[in-house]
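These protein sequences, in sequence, are chains S and A.
For the numbering used here, count along the first sequence from 1 and bump the result up by 3.
For the numbering used here, count along the second sequence from 1 and bump the result up by 223.
All C-beta atoms, glycine included, are put in the ideal place defined by N, C-alpha and C.
Following: one structure in structure tokens, then a few remarks.
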Amino acid sequence: MQDIGQALSLAFALVMSGDGDLYEIVALSLRVSLSAMAVACLIGLPVGALVAISRFRGRGLVLVVMNALMGLPPVVVGLLVYLHFSRAGPLGFLGLLYTPTAMIVAQTILIAPIVAALSRQVLEDLNGEYAEQFRSLALSRRHMVGALLWDARYSLMTVALAGFGRAVAEVGAVIIVGGNIDHLTRVMTTAIALETSKGELALALALGIVLLAIALGVNAAVHLLRQTGARLAYV
Amino acid sequence: MSDVRAIPLVRQGARPVACPLMPLEVRDLVLGFGDTVVLNGIDLELGAEGCTAIMGPNGVGKSLLLKLLHGLIEPTSGRISWAGQRPGAVIARQAMVFQKPVLLRRTVAANLDFVVRTRGLDRSRVHALLDHVGLAHKADHPARRLSGGEAQRLALARALAIDPEVLFLDEPTASLDPASAHAIETIVGQARDRGMRVILVTHDVGQAKRLADDVVFLNRGRVVEAAPATTFFPIPQSQAARDYLTGKLVF
Numbered sequence: 004m005q006d007i008g009q010a011l012s013l014a015f016a017l018v019m020s021g022d023g024d025l026y027e028i029v030a031l032s033l034r035v036s037l038s039a040m041a042v043a044c045l046i047g048l049p050v051g052a053l054v055a056i057s058r059f060r061g062r063g064l065v066l067v068v069m070n071a072l073m074g075l076p077p078v079v080v081g082l083l084v085y086l087h088f089s090r091a092g093p094l095g096f097l098g099l100l101y102t103p104t105a106m107i108v109a110q111t112i113l114i115a116p117i118v119a120a121l122s123r124q125v126l127e128d129l130n131g132e133y134a135e136q137f138r139s140l141a142l143s144r145r146h147m148v149g150a151l152l153w154d155a156r157y158s159l160m161t162v163a164l165a166g167f168g169r170a171v172a173e174v175g176a177v178i179i180v181g182g183n184i185d186h187l188t189r190v191m192t193t194a195i196a197l198e199t200s201k202g203e204l205a206l207a208l209a210l211g212i213v214l215l216a217i218a219l220g221v222n223a224a225v226h227l228l229r230q231t232g233a234r235l236a237y238v
Numbered sequence: 224m225s226d227v228r229a230i231p232l233v234r235q236g237a238r239p240v241a242c243p244l245m246p247l248e249v250r251d252l253v254l255g256f257g258d259t260v261v262l263n264g265i266d267l268e269l270g271a272e273g274c275t276a277i278m279g280p281n282g283v284g285k286s287l288l289l290k291l292l293h294g295l296i297e298p299t300s301g302r303i304s305w306a307g308q309r310p311g312a313v314i315a316r317q318a319m320v321f322q323k324p325v326l327l328r329r330t331v332a333a334n335l336d337f338v339v340r341t342r343g344l345d346r347s348r349v350h351a352l353l354d355h356v357g358l359a360h361k362a363d364h365p366a367r368r369l370s371g372g373e374a375q376r377l378a379l380a381r382a383l384a385i386d387p388e389v390l391f392l393d394e395p396t397a398s399l400d401p402a403s404a405h406a407i408e409t410i411v412g413q414a415r416d417r418g419m420r421v422i423l424v425t426h427d428v429g430q431a432k433r434l435a436d437d438v439v440f441l442n443r444g445r446v447v448e449a450a451p452a453t454t455f456f457p458i459p460q461s462q463a464a465r466d467y468l469t470g471k472l473v474f
């Protein structure tokens with residue numbers, strides 16, 4: 004087995020060389036996880052906002068379930084999606100198993116509850132400030148949700164980032180529904196798992212470096228945006 | 224205040240008309256929280272025009288009465304009727320300016336634009352309103368970076384944007400400097416003169432004298448006195464009102 008120092012230097016060389024396989028895997032990872040994040044935001048943000056502004060019987064139970072779903076085990080989600088998309092499953096006719104779309108679906112299921120639960124908390128706090136003014140303006144529920152989502156946009160970026168982080172880093176669900184097929188469904192995490200099991204630490208480390216760089220870059224971008232928002236008193 | 228324009232913004236050219244939501248009738252209104260009764264049997268009738276000042280010592284429930292009248296909170300018991308309608312049914316025809324203005328995390332103009340858009344009104348009134356309250360030059364500034372007086376003027380412009388028939392003001396000039404307070408009073412006075420029914424909570428006796436046509440004085444959760452301003456201030460009928468006006472009754 005290569006030692007870590009050698010593997011690291013090989014990894015950097017791989018990153019700098021513009022290796023086609025490496026960048027194909029990175030590009031697919033980003034496509035899958037960013038798509039999942041976008042769909043999860045489309046579902047999770049309105050759900051979070053509606054729960055934030057609503058008072059109804061059983062709301063406490065809904066909150067408990069929403070929070071509990073944040074901890075969904077990826078392999079369980081992967082298995083459920085697999086069962087639905089497999090040939091004998093109810094959605095088997097779609098032929099989506101072992102495709103990036105199936106991976107997006109699995110990751111969306113994983114992170115939509117995170118987006119919904121975290122945004123609910125952010126929006127409920129903001130609604131505490133706005134609620135009386137909203138009532139005075141006789142706003143419709145749709146306008147309230149729209150205003151809350153827009154005014155909390157900087158905080159919600161962090162929520163979306165938390166979802167993206169969970170999606171891009173998970174391996175259990177995508178390996179089950181994607182199958183880790185070379186040039187088709189291989190993403191960074193599944194490739195790292197595979198290369199590590201083969202003892203090919205250079206590629207695994209190179210992908211790890213890229214994964215860390217993406218996490219740092221996205222966090223830095225959101226941090227800068229939030230700083231801008233804070234400077235304008237929009238946070 | 225020089226930057227507040229004396230432009231009649233709403234119902235331009237029209238003579239003041241009686242507010243169609245009036246008269247306001249309040250019967251045996253009670254508001255309590257647990258064992259604490261804040262308002263205890265409020266009876267009140269307000270006429271169709273002018274400005275009413277609700278006055279009284281701290282903690283007597285003036286702001287809560289305003290919120291009850293506007294339909295923001297529900298009474299424990301009793302009845303509020305705006306020309307025969309419940310507060311909840313007419314809330315969209317009224318507007319309220321809170322003591323601490325709640326501004327959206329947007330620019331000054333976007334705060335007004337939001338209200339104008341949600342009501343389906345002509346968006347060109349945003350700049351007319353900003354001009355009216357002397358904030359046109361700050362249209363693109365973040366609203367939450369405004370000074371206290373500017374923020375209150377923006378809140379007032381937002382309230383006026385929907386052209387309400389009744390305007391509630393909850394201590395709109397508390398903690399503002401005299402120039403800012405004067406600017407607010409000028410705008411409110413113009414709205415009242417155009418026929419908007421104004422109901423104002425204030426501790427400022429001078430302000431009540433300048434703006435109010437009649438005064439409702441609360442003490443210990445009840446209406447102690449309701450009288451025209453021209454008689455309330457020179458010859459208050461109750462001991463509590465006399466003590467309040469001479470600074471002896473604070474709590």
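- DSSP, read as helix, strand or coil, puts Arg329 of chain A in coil.
- The segment 289-304 of chain A makes no contact with the segment 324-344 of chain A; the number of CB pairs closer than 8 Å stays below 3.
- In this model, Phe59 of chain S and Arg144 of chain S are separated by some 14 Å (Cα to Cα).
- In this structure Leu441 of chain A does not touch Val411 of chain A by the C-beta definition: roughly 21 Å separates them, more than the 8 Å allowed.
- Neighbourhood of Thr453 of chain A in chain S, by CB distance below 8 Å: empty, with the nearest CB roughly 31 Å away.
- By the criterion of a C-beta distance shorter than 6 Å, Gly182 of chain S is surrounded in its chain by Tyr101, Thr188, once the five residues flanking it on both sides are discounted.
- When Cβ-Cβ separations below 8 Å define contact, Gln136 of chain S makes contact with chain A.
- Taking Val356 of chain A as reference, the option from A:Ala332, A:Gly270, A:Asp427, A:Gln317 with the minimal CA-CA separation is A:Ala332.
- The contact set of Leu142 of chain S on chain A, defined by CB atoms closer than 8 Å, consists of Thr341 in chain order.
- In its chain, beyond the 5 residues on either side, Val174 have a beta carbon closer than 6 Å to the beta carbon of Thr192 of chain S.
- Secondary structure note for Asn130 of chain S: its alpha helix (DSSP H) is the uninterrupted segment 103-139.
- Closer than 8 Å to the CB of Val338 of chain A there is at least one CB belonging to chain S.
- Interface flag for Ser139 of chain S against chain A is set, since a Cβ pair is found closer than 8 Å.
- Against chain S, the beta carbon of Leu327 of chain A has neighbours under 7 Å at Ala150, Asp154, listed in chain order.
- Distance between Arg348 of chain A and Met160 of chain S, taken at the CA atoms: about 33 Å.
- For the segment 285-304 of chain A, the set of residues with a beta-carbon nearer than 7 Å to any beta-carbon of chain S comprises His293, Leu295, in chain order.
- Non-local beta-carbon contacts of Gly372 of chain A in its own chain, meaning distances under 8 Å to residues more than five positions away in sequence, involve Leu399, Asp400, Ala402, Ser403, Ala404, Ala406, Ile407 in chain order.
- Rounded to whole angstroms, Ala315 of chain A and Ile385 of chain A show a C-alpha spacing of 9 Å.
- Judged by beta-carbon spacing, Leu151 of chain S lies beyond the 8 Å limit of Leu121 of chain S, meaning their Cβ atoms are not closer than that value.
- Here Ile422 of chain A is bridged, per DSSP, to A:Thr275, A:Phe391.
- A Cβ of chain A is located within less than 8 Å of the beta carbon of Leu235 of chain S.
- For Leu335 of chain A, the closest of A:Asp258, A:Arg376, A:Gly311, A:Gln322 by C-alpha to C-alpha distance is A:Arg376.
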